[in-house]
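The structure under discussion appears below in the form of C-alpha cells.
Numbering (the working numbering), first residue to last: 3 to 448.
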C-alpha cells in the first residue's frame, strides 16, 4: 500500500490553500491534511464476511477574520475545489460571531523540531494473506476445545500521513501506522451463550500477538462465562482486570479535558492541586514513547505535548488542553488538541511479583470484573454505574462466573479507594494499566 499523495504534495496543497485564504481576506489560517490507506478482512467459520480496502484523502481549512472563524472540508485536492473551499471559509468567517478565544496558537508555542517517534511501519499484507491470518485466529479458537465457535476473526492494516500548516509559519507532517488482529468467540451450553473477545494492536505487524494466541484467548474468555451463578446484592471488594481498569483511566481523562472543564460539565473542574486518587497512585502522560500507540510529535494546533505527571501521589497536577480550551480557562495549551498521549497508571506499592494471581490473592473475597457495558460515568458529578461480567472470588481463588450484574459507585470515591495496582500491565489505545483493586463498591446481583 502507498499513499495517494506524498508529503511534498500535501505541503504544496497546504501552501496553496493558505495563499487563497489570505487573498480572500483571512488574517490567519490553518490547513489540516491527511491521506490514508487501509485493508481489513472479517471472517466467520472459514467464510469471508467482509473485505474492505479503504483510501481516504481529506483537507480541512480554518480561517480567521480577526476573531471570527470559518471552516470548510473536502476530499478533493483539485485547484477548483481548493478555491471554492477558501472562498466558502472566508464567507463563513464574515458572518460568525466574534470569539475572543479563537485563533491560532502563538508561534512561540508551536513545535519547532518534531521528533521521529518510530510510529510508521507499513504492513504490506495482501487480502489473501490477511484471510490466511484470520483463518489462523479461528484455528486458535478451535484448538481450545468443544463448546466454542468463531463469531468473527478480523485482520486490519492501516497507514496515514498527516500534514499541518498555518499562516504563522508552521508546516510539518508525519506518517503513522496501526495494525490489529481480533477474534470474537461464542460459547454455548444449553440456553446459555456468551461472547468472548480478544485483540492485539501495534504500530508494527511484528509486534502483534500470534493469530493463534488471539483466537485462543477469545475462546477461553467465552468459555469461562459458562455455568454462571448469581451473587447476592451488597458491597464488596472489586478487582478490575487491566482492560477494565483502563476504562477508569478513560473516565478520569475525559473529566480533565478542556471542553468538559470550560463547559463546567466535569466534577474535576477547579481541582488542580487537590487529591483525586489514592495517595500511592501516579498517572503519567508521555507523547514521546518510541512506537507508542498514542505517540505524536505535535497536536492539531501544531503544539507538542509534554512528558509529565497528570496525577502525582494522588494529586491532580494538570489538565488536557488545546489552545482554544486553554484560553477559555486562562491557562496555556498542554498540546492535547488531539487527545491524551500514552497515559499510564502506577502505584508506589506495586512490586514485580504483583501479577494477576497475586492481585486475586489480595482481593481475597469479592468480584473480579472482566467485561463492562453501559453508559459509565456521569462526568458532572462522578456517579458511576455499569452492567458487568466477571467472576466471584473466595480466598483468592475464582469460584464461578457472574453475569448480568451491575456495579455502582462514584468515580471520585472509587479512585480514592484503589488499594493496589498489579504488575500485569496491558496497553489498549492511549492507556496502560495493571489490574486495579478497589476496596468497596455496590454490586447489584440477580
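We put the CB at the ideal spot given by N, CA and C, even for glycine. Owing to the predicted nature of the structure, the values given are computational and were not obtained by experimental measurement.
Asked	Found
7 Å CB neighbourhood of residue 332 in its chain, flanking five on each side removed	none
Beta-carbon spacing of residue 183, residue 216 below 7 Å	yes
Boundaries (first-last residue) of the alpha helix (DSSP H) holding residue 97	81-97
Span separating the alpha-carbon of residue 381 from that of residue 119	33 Å
Beta-carbon proximity list for residue 94, same chain, < 6 Å, skipping 5 on both sides	72
For residue 2, three-class secondary structure by DSSP	There is no way to answer for residue 2, as the model of the chain reaches only from 3 to 448.
Buried versus exposed, by CB contacts within 10 Å (16 or more), residue 2	Here the chain comprises residues numbered 3 to 448, so residue 2 is not present and cannot be evaluated.
Length of the line joining the Cα atoms of residue 109 and residue 320	23 Å
Chain-order list of residues whose beta-carbon lies under 8 Å from that of residue 207 (same chain, five-residue window excluded)	123, 125, 127, 159, 181
Outcome for residue 201 when other beta-carbon atoms lying within 10 angstroms are tallied against a minimum of 16	buried
Length of the line joining the Cα atoms of residue 65 and residue 17	14 Å
Pick from 290, 444, 59 that is closest to residue 11, judged by C-alpha positions	59
Cβ contact check for the segment 300-317 and the segment 282-291: 3 or more pairs under 8 Å	yes
Per-residue DSSP class, three states only, for residue 72	strand
Contact under 7 Å by Cβ, residue 146 with residue 247	no
For residue 144, the three-state DSSP class (helix, strand or coil)	helix
Residues bridged to residue 394 (per DSSP)	369, 402
Distance, residue 233 Cα to residue 189 Cα	22 Å
Residue environment, residue 353, which counts as buried when at least 16 other CB atoms sit within 10 Å	exposed
Own chain, CB closer than 8 Å to residue 278, minus 5 neighbours either side, in chain order	254, 270, 313, 316, 317, 318, 414, 417, 418
Simplified DSSP state of residue 279, which is helix, strand or coil	coil
Range covered by the beta strand (DSSP E) that runs through residue 246	Segment 244-257 is the alpha helix (DSSP H) holding residue 246; no beta strand (DSSP E) there.
Unbroken alpha helix (DSSP H) run spanning residue 416, endpoints	413-418
For residue 436, the nearest candidate out of 55, 444, 283, 212 (CA to CA)	283
Which residues DSSP lists as bridging residue 323, in chain order	Note: residue 323 sits in no beta bridge, so no partner.
Contacting residues, own chain, Cβ-Cβ under 6 Å from residue 258 (five flanking each side not counted)	270, 321, 322
When 129, 153, 36, 156 are compared against residue 55, the one with the closest alpha-carbon	129
Simplified DSSP assignment, three categories, for residue 24	helix
Supposed close pair residue 334, residue 341 - CB separation, criterion 8 Å	Not a contact, Cβ separation roughly 18 Å.
Cβ-Cβ separation, residue 409 to residue 371 (assumed contact under 8 Å), whole Å	7 Å
When 351, 252, 174, 69 are compared against residue 2, the one with the closest alpha-carbon	Absent from the model: residue 2. The displayed extent of the chain is 3 to 448, so no value can be given.
Residue burial classification, residue 114 (beta-carbon count within 10 angstroms, cutoff 16)	exposed
C-beta contact flag for residue 80 and residue 87 at 7 Å	no
Three-way DSSP call (helix, strand, coil) for residue 160 in this model	strand
Host beta strand (DSSP E) of residue 190 (start-end)	173-191
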